[in-house]
Amino acid sequence: MTALASTAAEQFALRRRSPIQRVQHVLHSYPAISPFLVLVLSFAVFSLINPRFAQPNALSLVLQQVAVIGALAVGQTLVILTAGIDLSVGAVTILAMMLSAKLASDGGIPGVLAVLVGIAVGVAAGTLNGALVTRIGLPPFIVTLGTLSVFTAIGLLYSKGQSVQSADLPALLNWTGETFAIGRFRITAGVVLVAVLYVVVGFALANTAWGRHVYAVGDDKEAARLAGIRVDRVLLSVYVTAGAIYGLTAWILIGRAGAASPNAITDANLESITAVVIGGTSLFGGRGAVLGTLLGALIVGFFRSGLSLAGVDDQYRVLAVGLLVLLAVAVDQWIRRVRA
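Numbers 382 to 721, taken from my numbering, label the letters of the sequence shown in order.
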């Protein structure tokens, strides 16, 4: 009887909702719907403005351009799902890239070892961020703002501000920049690596206890603690995993840029956050998915490419992306007011 009464009450409440409230509930349950609709609409509009936008060459270039930020945004998504934020993503990636590249070019270490060194650097950086957040109790914003400067300085001091050209690197480090054809599309090995990364992390978040704990901690830390979840351990694992992703992204960046430069991806921090927010992940934690982040990264790529083909000035392209971020945050705030 209790179950029947509960079901009847839920059905009654559902009938009482207005159409707008129903939309609100759907968007709350499936946060990737909003960015998907924006992506489809932007593709249609830009294709009408300039038919070249829909050509395989143009779309292939967009995929290659968003690969690095898309990879970084996976790690950023994990951190934001726990109601944190990581401002050190670009600095960690640059540090990992310069260490692996310099050790390979000057130290002569093999390509495989150089890649592993880059990932290890990312793990170490993530561990430091996570330890400062969980052991000392510092806010993630302050921690990563500080380590942003620390990692940037170490990277510049170690590399002496000098780039390492692709010709001086082992073939494996340049492999992520190699292109191959899939039908009429040409993509890089780095794009494939990013796709695999999304599949693995998406599966972990949706189908493992760890993923459920990440969402629970982001939704309500105290409730998660009372439920028996070891909150600090989950948070530390998130920052360590994110760091490993940044280290892997360093490898993708070398292939994409064709060199290892300490001045690469200067806007990576903001762009990774932009992709996550536009993708529907809540800045307050507990809601979102890497699928939405992928759509968010593609939306930014579509807007930049589409507006460029339309002859729009670069400053207006920046303005358009900024407006998208504000709109995404406003929609998130509206969705968070949903009532059961």
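For glycine and all other residues, C-beta sits at the position ideal for the given N, C-alpha and C.
Small disclaimer: the values here were computed from a predicted structure and weren't measured.
At which residues does the alpha helix (DSSP H) containing R567 begin and terminate? Taking the first residue of the sequence shown as 1, we reach residue 567 at position 186. No alpha helix (DSSP H) holds R567; the beta strand (DSSP E) holding it covers 566–569.
Tell me which residues share the same chain as S387 and place their Cβ nearer than 8 Å to its Cβ, disregarding the 5 neighbours each side in the sequence. Here residue 387 corresponds to residue number 6 of the sequence shown, with the count starting at 1. Legend: pLDDT at S387 = 49, less than 50; position of this residue unreliable, value from coordinates given subsequently. Here the set comprises nothing.
Best match in V421, R403, A464, Q445 for proximity to V658 [C-alpha to C-alpha]: Residue 658 sits at position 277 when you count from the first residue of the sequence shown. Sorting V421, R403, A464, Q445 by C-alpha distance to the C-alpha of V658 places A464 at the top.
Kindly indicate which three-state DSSP category Q445 falls into: helix, strand or coil? Counting from one through the sequence shown, the residue named residue 445 turns up at place 64. Correct three-state label for Q445: helix.
Beta carbon of Q457 nearer than 8 Å to that of I680: Position 76 of the sequence shown, counted from the first residue, corresponds to residue 457. Position 299 of the sequence shown, counted from the first residue, corresponds to residue 680. No.
Would you kindly report the start and end of the unbroken alpha helix (DSSP H) that includes I680? Within the sequence shown, the letter at position 299 stands for residue 680. I680 -> alpha helix (DSSP H) spans 671–690.
Any heavy atom of the ligand ADP within a distance shorter than 7 Å of the CB on D648? As for the ligand ADP, it is missing from this structure, which has no ligand bound.
Quick one: what's got a C-beta closer than 8 Å to A439's C-beta in the same chain, skipping five residues either side? Position 58 of the sequence shown, counted from the first residue, corresponds to residue 439. Result list for A439: R433, S686, L690, in chain order.
Segment contact, 8 Å Cβ cut-off, at least three pairs: the stretch 618–634 with the stretch 500–507: yes
The beta strand (DSSP E) that contains F561, what's its start and end? By one-based count along the sequence shown, residue 561 stands at place 180. Here the beta strand (DSSP E) through F561 covers 560–563.
Near N328, what residues of its chain come up, given a Cβ to Cβ distance below 6 Å and the 5 sequence neighbours on each side ignored? The requested residue 328 is not part of the displayed model; the chain covers only 382 to 721.
Could you give the residue range of the alpha helix (DSSP H) that holds V615? Looking up residue 615 in the sequence shown gives position 234. First-last of the alpha helix (DSSP H) with V615: 612–638.
To the nearest angstrom, report how far apart N588 and E559 are at their CA atoms. Walking along the sequence shown from the start, residue 588 turns up at place 207. Walking along the sequence shown from the start, residue 559 turns up at place 178. Whole-angstrom Cα-Cα distance: 33 Å.
Does the distance from the CB of L675 to the CB of G451 come in under 8 Å? For this step, residue 675 is matched to residue 294 along the sequence shown. For this step, residue 451 is matched to residue 70 along the sequence shown. Taking 8 Å as the Cβ cut-off, L675 and G451 qualify as a contacting pair.
For L550 and A482, which I take to be in contact (beta-carbon distance under 8 Å), what is that distance rounded to the nearest angstrom? Reading the sequence shown from its first residue, position 169 is the one you call residue 550. Reading the sequence shown from its first residue, position 101 is the one you call residue 482. Going by Cβ atoms, the distance from L550 to A482 rounds to 6 Å, so yes, they are a contact pair.
Would you grab the beta carbon distance between D600 and G511 for me? Rounded to a whole angstrom, and I think it's under 8 Å. Within the sequence shown, the letter at position 219 stands for residue 600. Within the sequence shown, the letter at position 130 stands for residue 511. That belief does not hold up - the Cβ atoms of D600 and G511 are roughly 19 Å apart, past 8 Å.
Is the beta carbon of T557 sitting closer than 8 Å to the one on G571? Residue numbering aside, residue 557 sits at position 176 when the sequence shown is read from its first letter. Residue numbering aside, residue 571 sits at position 190 when the sequence shown is read from its first letter. Against a cut-off of 8 Å, the Cβ pair of G571 and T557 comes out as a contact.
Kindly give me the distance between the Cβ atoms of G499 and G628, rounded to whole angstroms, as I take these residues to be in contact under 8 Å. In the sequence shown, counting from the first residue as 1, residue 499 sits at position 118. In the sequence shown, counting from the first residue as 1, residue 628 sits at position 247. Contact flag correct, Cβ pair sits at about 5 Å.
Could you check if F522 is buried or exposed, using at least 16 other CB atoms within 10 Å of its CB as the buried criterion? Taking the first residue of the sequence shown as position 1, residue 522 is located at position 141. Result: exposed.
Are the CB atoms of G661 and P412 nearer to each other than 8 Å? On the sequence shown, residue 661 is found 280 positions in, with the first residue counted as 1. On the sequence shown, residue 412 is found 31 positions in, with the first residue counted as 1. Cβ distance < 8 Å, so G661 and P412 count as in contact.
Own chain partners of R516 with C-beta closer than 8 Å, once the 5 adjacent residues on each side are dropped: Counted from its first residue, the sequence shown places residue 516 at position 135. Shown here for R516: same chain residues with a beta carbon closer than 8 Å to its own, the five before and five after excluded, namely D613 in chain order.
Span of the alpha helix (DSSP H) holding P521? In the sequence shown, the residue the question calls residue 521 occupies position 140. Unbroken alpha helix (DSSP H) run through P521: 521–540.
Within 10 Å of its beta-carbon, does P643 have 16 or more other beta-carbons around it, so buried, or fewer, so exposed? By 1-based counting over the sequence shown, the position of residue 643 is 262. Around the Cβ of P643, a 10 Å sphere holds 16 or more other Cβ atoms; the residue is buried.
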